[in-house]
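K.L.:
Please read through the structure below; I'll follow up with questions.
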Amino acid sequence: MPDDLPTRPPRDTERLAVVRALTEARTHGEITRDDQVERTDMALRAVSLAELAALVEDLDNPPTLPEPAASRRGLLLGAVGLVAAGAVGFAALSGADEPDAAARPSPASSTATASPAPAPTHAPTPVPTPEPPAPDIDLYTVAGLKVLIAEYHEKLGTWQAYDLSVLDHDQASADAAILPIRKRRLQWWSWSPDERWSTNFDPMQVTSSNEQVVDLRKVDLAAVVANIPRARRTSNVEEPDALGIFFTHDPEHGAVVRFHVGNQYSEVGTMTTDLSGKVLERRPFERS
Numbered sequence: 272m273p274d275d276l277p278t279r280p281p282r283d284t285e286r287l288a289v290v291r292a293l294t295e296a297r298t299h300g301e302i303t304r305d306d307q308v309e310r311t312d313m314a315l316r317a318v319s320l321a322e323l324a325a326l327v328e329d330l331d332n333p334p335t336l337p338e339p340a341a342s343r344r345g346l347l348l349g350a351v352g353l354v355a356a357g358a359v360g361f362a363a364l365s366g367a368d369e370p371d372a373a374a375r376p377s378p379a380s381s382t383a384t385a386s387p388a389p390a391p392t393h394a395p396t397p398v399p400t401p402e403p404p405a406p407d408i409d410l411y412t413v414a415g416l417k418v419l420i421a422e423y424h425e426k427l428g429t430w431q432a433y434d435l436s437v438l439d440h441d442q443a444s445a446d447a448a449i450l451p452i453r454k455r456r457l458q459w460w461s462w463s464p465d466e467r468w469s470t471n472f473d474p475m476q477v478t479s480s481n482e483q484v485v486d487l488r489k490v491d492l493a494a495v496v497a498n499i500p501r502a503r504r505t506s507n508v509e510e511p512d513a514l515g516i517f518f519t520h521d522p523e524h525g526a527v528v529r530f531h532v533g534n535q536y537s538e539v540g541t542m543t544t545d546l547s548g549k550v551l552e553r554r555p556f557e558r559s
């Protein structure tokens, strides 16, 4: 490691490599979900490379730090149907019309024998229809992003965020804007299919003027999803297997959507668009 390892700020590629290593460690059972969430937050906020490296030094396969990179910022849910019916049907026999007096038999010549009534017929008890399982949510689809953002608004009471990061098909986080917006406070939240939006962190004051809220209602989600293959194709990353999508604010371009494409070799390329999907900037991975 170079001499500046303890003090220089981590590069975006190094943060992304650490986030990816933490995700793999949780998948392999090395760390718990809570541990992953806490370390991921620390990785996004680490101020030095040494601090970042300390978060993964106990893993079986920690990423190699430092590493070359070319990026600027970021790191990285029907219906319940029940059939209820049941009836007991009873068959009743109606008596025959009484004959007239001339045709009425004498008591001595005939005796009337009543026919037994048939047993009542019971309708079978219906079996309730089982509740269908909830569909899986894929955050790399328009439907998945709609669920993610709608649940964010339901939980936080606002459509605005300082940063919303989609880190995997089923994992996201946010620097959520805490109401009232004018007080410029944020709180780190995470999203998973099991717990949805949740947090263990306290709100903190936003001090940098470069940190501005993004109105998530203005994002063209169809354009975001359509740009995923384009970002992979133009990233110059071999065998890309990691994708981060960040809805954030850029000092130069304003509210943007930034795509980070990576692989197991820690190669990272980025593509930045405006909220409508127009490409503003590409930074493919550069091989030396």
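Mapping of the sequence shown onto this note's numbering: position 12 corresponds to residue 283, and the numbering continues sequentially without gaps. Built from N, CA and C at the ideal position, the CB exists for glycine as well.
1. If we count Cβ pairs, one from each stretch, closer than 8 angstroms, do we get three or more for the segment 526-536 versus the segment 453-464?
2. Mind checking Pro280: buried by the 16 CB within 10 Å criterion, or exposed?
3. Mind checking whether Arg286 and Ala314 have CB atoms under 7 angstroms apart?
4. How would you label Gly540, buried or exposed, when you count the other beta carbons within 10 angstroms and need 16 or more for buried?
5. If you run the structure through DSSP and keep just helix, strand and coil, what is Ala414?
6. Suppose you measure from the CA of Pro500 to the CA of Lys549; what does that come to, to the nearest Å?
7. Kindly indicate which three-state DSSP category Arg455 falls into: helix, strand or coil?
8. The beta strand (DSSP E) spanning Arg529 covers which residue range?
9. Just the Cα atoms here: how many angstroms apart are Asn471 and Asp312?
10. Tell me where the alpha helix (DSSP H) around Leu320 begins and ends.
11. Given a threshold of 16 other Cβ atoms within 10 Å of its Cβ, counted over all protein chains shown, does Asp434 qualify as buried or as exposed?
P.N.:
According to the data block:
1. The segment 526-536 vs the segment 453-464: no contact.
2. Exposed: under 16 other Cβ atoms inside 10 Å.
3. The answer is yes: Cβ separation under 7 angstroms.
4. Burial call: buried.
5. The three-state secondary structure of Ala414, taken from DSSP, is helix.
6. C-alpha separation (whole angstroms): 14 angstroms.
7. In the three-state reduction of the DSSP assignment, Arg455 falls in the coil class, being assigned neither a helical nor a strand state.
8. Taken as a continuous stretch (DSSP letters only), the beta strand (DSSP E) holding Arg529 covers Gly525 to Gly533.
9. Inter-residue distance for Asn471 and Asp312 is about 11 angstroms (C-alpha atoms, whole angstroms).
10. For Leu320, the enclosing alpha helix (DSSP H) has its first and last residue at Leu320 to Ala325.
11. Asp434 counts as buried, since at least 16 other C-beta atoms from the protein chains shown sit within 10 angstroms of its C-beta.
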